[in-house]
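The numbers in the sequence shown follow the working numbering, run straight up by one, and end at 244.
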Amino acid sequence: MSPRPAGAPPATGAGSRRKRSKGDLTSQAILDTAEHLLQTRSLDDIAVDELTSGAGISRSTFYFHYESREAVLYALSERVAEGLYDSAALWLRRGSEPPEDSIRRAIAGTVALWRAHGPVLRAAVRARDTSELVRGFWSGVARRFVDSTAQQIEIERAAGIAVPGPPSARALATVLVTMNESMCYSLSLSRRSAARDREVVETLTAVWLRSVYGVSQ
Numbered sequence: 028m029s030p031r032p033a034g035a036p037p038a039t040g041a042g043s044r045r046k047r048s049k050g051d052l053t054s055q056a057i058l059d060t061a062e063h064l065l066q067t068r069s070l071d072d073i074a075v076d077e078l079t080s081g082a083g084i085s086r087s088t089f090y091f092h093y094e095s096r097e098a099v100l101y102a103l104s105e106r107v108a109e110g111l112y113d114s115a116a117l118w119l120r121r122g123s124e125p126p127e128d129s130i131r132r133a134i135a136g137t138v139a140l141w142r143a144h145g146p147v148l149r150a151a152v153r154a155r156d157t158s159e160l161v162r163g164f165w166s167g168v169a170r171r172f173v174d175s176t177a178q179q180i181e182i183e184r185a186a187g188i189a190v191p192g193p194p195s196a197r198a199l200a201t202v203l204v205t206m207n208e209s210m211c212y213s214l215s216l217s218r219r220s221a222a223r224d225r226e227v228v229e230t231l232t233a234v235w236l237r238s239v240y241g242v243s244q
């Protein structure tokens, strides 16, 4: 499963897409402007007037779509989070694929998303300390990742594929998910480097394999 391109409209039938309304296009313009501005500015430093100017709309139109800048960040977070879920699913629903391959592909997908949307994800991480709206959303995202990872670890343990605890599946899942976020956050701040990205993917893959399965690559 691969992430749906950010902002793409949902499919409505076999191979068809719903025609995007004027409201959809306006919302997209606001989100695209915000993501562009976040590349060099913090959310607190971005004025609503800059969002309206970039999207080519009035303030009243902006507030028709979003209550605040935090609501814009929330919407940006939602569309990036879906891509993160899709990447994680490569391991969570790996089927007969070897764990090493599915974990590597899942982590590579996550790294790619952080590279593509680092400013949004970093802004969301920072906003968790100040915005109840964003904090609530990402708390739910974290719970979903930890719950799904813990469940998969328990399945692998029950099948005799993963090493038994301790630690508990949930404690291990919490550490691994937190590690991924911290490493990807740091990586997204650095200059783009295919070699560095591959090194991070291989390192995280090795840690997951040793922690969950007790094996090296």
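Here a beta-carbon is modelled for each residue, glycine too, at the ideal position from N, C-alpha and C.
Everything numeric in this text was worked out from a predicted model, so none of it was measured.
DSSP places Ile84 in no alpha helix (DSSP H); its state is neither H nor E.
Excluding sequence positions up to five before and after His92, its CB lies within less than 8 Å of the CB of Gly50, Thr53, Ser54 and Ile57, all in the same chain and listed in chain order. Spanning the alpha carbons of Ala82 and Arg120 requires a straight line of approximately 39 Å. Thr67 sits in coil when the DSSP states are folded into three classes, being neither helix nor strand.
Separation of the CB atoms of Ser215 and Trp118 is rounded to 21 Å, and the pair is thereby denied contact status at 8 Å.
In chain order, Ala196, Arg197 and Ala200 place their CB closer than 7 Å to the CB of Ala177, counting only its own chain and leaving out the 5 sequence neighbours on each side. Ala150 and Glu181 have their C-alpha atoms roughly 33 Å apart.
A residue is called buried when at least 16 other Cβ atoms come within 10 angstroms of its Cβ; Glu62 meets this threshold and is buried. For the pair Arg162 and Val242, the Cα-to-Cα distance works out to about 36 Å. The criterion of a C-beta distance shorter than 8 Å is not satisfied by Phe164 and Val204. For a cut-off of 8 Å, the C-beta gap from Trp235 to Ile130 is around 5 Å, short enough to register as a contact. In chain order, Pro146 place their CB closer than 7 Å to the CB of Gln66, counting only its own chain and leaving out the 5 sequence neighbours on each side. Around the CB of Gly122, fewer than 16 other CB atoms lie within 10 Å, so the residue is classed as exposed. If the five residues before and after Ser175 are omitted, its C-beta is found closer than 6 Å to the C-beta atoms of Leu119, all from its own chain and listed in chain order.
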